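Asks: Once you've had a glance at the structure underneath, I'll fire off some questions.
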Amino acid sequence: MGPETLVAGAFISASVSILLNKASSPAFKKIAKLYHMKSELKKLNRTLKRIEAVLKDADMVQVKEENLKLWLRELKDLAYHAEDVLEEFEFDAKEREPEGRADSFRVPFDLFVELKYLRVLDLSYSKIEDVPPSISNLKHLRFLDLCYTSIKCLPESLSKLSNLQTIKLKQSDQLPALPSGMSNLVNLRHLEPNADLASQIARIGQLTCLQKLDAFSVSKECGYKVGELKDMNELREGIIIQNLEMLRAEKRPFRLN
């Protein structure tokens with residue numbers, strides 16, 4: 001058996017072991033129970049265990065080098081497919097509301113502790129009421145969709161997700177305010193709350209990647225002066241500037257590009 005084949009086999013074996021540990025983790029079991037996906041998770045676990053068992057027996061199988069390479073390539077593809085399934089499994093909550101709790105449900109406090117590589121979280125159209133502070137563990141999160149939910153509060157820890165690029169909050173009418181540290185989300189490109197919520201963001205000028213801002217309310221308070229807009233060059237649509245009479249309080253004129 002050639003060195004390349006040995007390396008490939010070791011890589012696949014390690015990948016399958018990682019996926020199996022992930023699929024067997026308490027976090028995944030919580031998701032499976034919450035969204036009634038236990039049978040899907042068990043099926044995936046069985047598949048991964050079979051692959052692992054075959055790989056452990058590979059050294060005892062006498063086959064030609066080329067056939068072994070083809071076999072390992074197929075196992076590699078299957079392992080990658082299993083990884084894709086797990087990633088989709090992590091955030092497939094959109095149409096899986098818990099039975100018996102039609103009015104609302106709460107996300108377990110520690111649900112996000114072990115899902116640190118999650119990039120997309122879609123909870124739209126669910127009856128979720130709050131997001132636990134543990135969402136700050138999702139350091140790689142790029143997309144968060146909470147549209148048409150019953151969200152009443154977002155944790156301040158949300159502002160630690162510096163890689164977040166999209167937040168969707170359309171028709172989340174029970175949400176009175178955004179976290180005070182929203183300006184820390186420096187990679188944010190798409191923010192879709194209602195105009196009143198967006199206008200509450202202090203120091204919004206730090207969000208230089210933002211592509212749309214419906215309204216900005218000028219105020220004498222720090223972080224709400226019209227100068228906040230001067231470096232927001234990625235804005236692609238018109239913006240409503242409210243309280244223009246406050247411009248008289250500015251010490252120097254400001255021109256929008």
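When the letters of the sequence shown are read in order and numbered with the working numbering, they come out as residues 1 to 257. Glycine is no exception: its CB is placed at the ideal position from the N, C-alpha and C atoms. All values reported here derive from a predicted model rather than from experimental measurement.
Once the 5 residues before and after Ile-239 are set aside, which same chain residues still bring their CB inside 8 Å of it?
Replies: These residues qualify, in order along the chain: Leu-213, Asp-214, Ala-215, Phe-216, Leu-229.
Asks: Using only CA atoms, which one of Cys-209, Thr-166, Gly-205 lies nearest to Lys-225?
Replies: It is Gly-205 whose Cα lies nearest to the Cα of Lys-225.
Asks: If you draw a straight line from the alpha carbon of Lys-220 to that of Glu-114, how long is it in whole angstroms?
Replies: Taking the straight line from one Cα to the other gives about 43 Å.
Asks: Compute the beta-carbon to beta-carbon distance between Cys-147 and Leu-164, rounded to the nearest angstrom, for a pair I have assumed lies under 8 Å.
Replies: Between Leu-164 and Cys-147 the Cβ distance is about 16 Å, and since that is not below 8 Å, they are no contact.
Asks: Rounding to the nearest angstrom, what Cα-Cα distance links Lys-116 and Leu-123 in this structure?
Replies: Approximately 17 Å, taken between the alpha carbons.
Asks: Between which two residues does the alpha helix (DSSP H) containing Asp-122 stretch?
Replies: That residue, Asp-122, is in no alpha helix (DSSP H); its beta strand (DSSP E) goes 120 to 122.
Asks: Residues in the same chain with beta-carbon distance under 7 Å from Gly-100, minus the five sequence neighbours each way, listed in chain order, please.
Replies: Here the model assigns Gly-100 a pLDDT of 40, short of 50, so the residue's position is not dependable, and the following value carries that caveat. So no residue of the chain qualifies.
Asks: Between the beta-carbon of Phe-112 and the beta-carbon of Leu-138, is there less than 7 Å?
Replies: For Phe-112 and Leu-138, yes; Cβs fall inside 7 Å.
Asks: Rounding to the nearest angstrom, what Cα-Cα distance links Gln-211 and Asp-231 in this structure?
Replies: Taking the straight line joining both Cα atoms gives about 12 Å.
Asks: Using only CA atoms, which one of Asp-196, Arg-119, Asp-130 lies nearest to Arg-142?
Replies: For Arg-142, the nearest C-alpha among the options comes from Arg-119.
Asks: Tell me whether Pro-193 is buried or exposed, calling it buried when 16 or more other Cβ atoms sit within 10 Å of its Cβ.
Replies: Classification for Pro-193: buried.
Asks: Rounded to whole angstroms, what is the Cα-Cα separation between Glu-245 and Gln-174?
Replies: Using only the alpha carbons, I get a separation of about 31 Å.
Asks: To which residues of the same chain is Arg-236 closer than 7 Å at the C-beta, ignoring the five residues directly before and after it?
Replies: For Arg-236, where only same-chain residues beyond five positions count, the Cβ hits under 7 Å are Gln-211, Lys-212.
Asks: Counting only the same chain and skipping the five closest in sequence on each side, list residues whose C-beta sits under 7 Å from that of Gln-200.
Replies: Closer than 7 Å at the Cβ level, and outside the excluded window around Gln-200, lie Ala-177, Leu-178.
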